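Per the numbering used here, residue 152 is the first one in the sequence shown, and the count goes up by one each step.
Ideal Cβ positions, reconstructed from N, Cα and C, are used throughout, including at glycine.
Bear in mind the structure is a predicted one, so any value in this text is a computation, not a measurement.
Beneath this line is the structure, given in structure tokens, with notes to follow.
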Amino acid sequence: MRNSHSEDIVGVRYTGWAALDRDPQEDVVEFVCPHCGNKGVKPARRARSEYHFTDGFLQDMQGEATTCKVCRKALHVAPVVLVHDRDEKQRFEAIFTEEAVAVPN
Ligand SMILES: [Zn+2]
Numbered sequence: 152m153r154n155s156h157s158e159d160i161v162g163v164r165y166t167g168w169a170a171l172d173r174d175p176q177e178d179v180v181e182f183v184c185p186h187c188g189n190k191g192v193k194p195a196r197r198a199r200s201e202y203h204f205t206d207g208f209l210q211d212m213q214g215e216a217t218t219c220k221v222c223r224k225a226l227h228v229a230p231v232v233l234v235h236d237r238d239e240k241q242r243f244e245a246i247f248t249e250e251a252v253a254v255p256n
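In structure tokens:
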């Protein structure tokens, strides 16, 4: 594991079914700022081919850098998890929202 000095926060990129309620032109990574709790979005920059299956999800482990628009802190969004349907969305929420409590093995 790399030694991270900047905080890595999980981002999610909804596609396909999971993005049905959104403008199809919009392709964004969603994240929550760990400093101020603001829910932010940034344009997704990386190609799908840079996402790899890890723990049952397509993830970009390198992630993307961004800045919180509210508190202006630099953030590193990694991994970015690609979620494309209802099933994956539920699994994503189950795994990544409980991660702070217990890491499933
Ligand atoms: Zn912030």
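DSSP three-state label for residue i, please.
i           : result
residue 240 : helix
residue 245 : helix
residue 169 : helix
residue 223 : coil
residue 158 : coil
residue 201 : helix
residue 234 : strand
residue 196 : coil
residue 191 : strand
residue 177 : coil
Are the beta-carbon atoms belonging to residue i and residue j less than 9 Å from one another?
i           : j           : result
residue 181 : residue 165 : yes
residue 188 : residue 217 : no
residue 275 : residue 213 : No information on residue 275 is available, as it lies outside the stretch 152 to 256 that the chain covers here.
residue 167 : residue 215 : no
Keeping to the same chain, check which residues put their C-beta closer than 6 Å to that of residue i; ignore five residues upstream and five downstream.
i           : result
residue 208 : 232
If you drop the 5 nearest sequence neighbours on each side, which residues of the same chain put their C-beta closer than 8 Å to that of residue i?
i           : result
residue 160 : 182, 183, 184, 185, 226, 227, 228, 229
residue 220 : 189, 191
Kindly identify the DSSP beta-bridge partner or partners of residue i.
i           : result
residue 211 : 231
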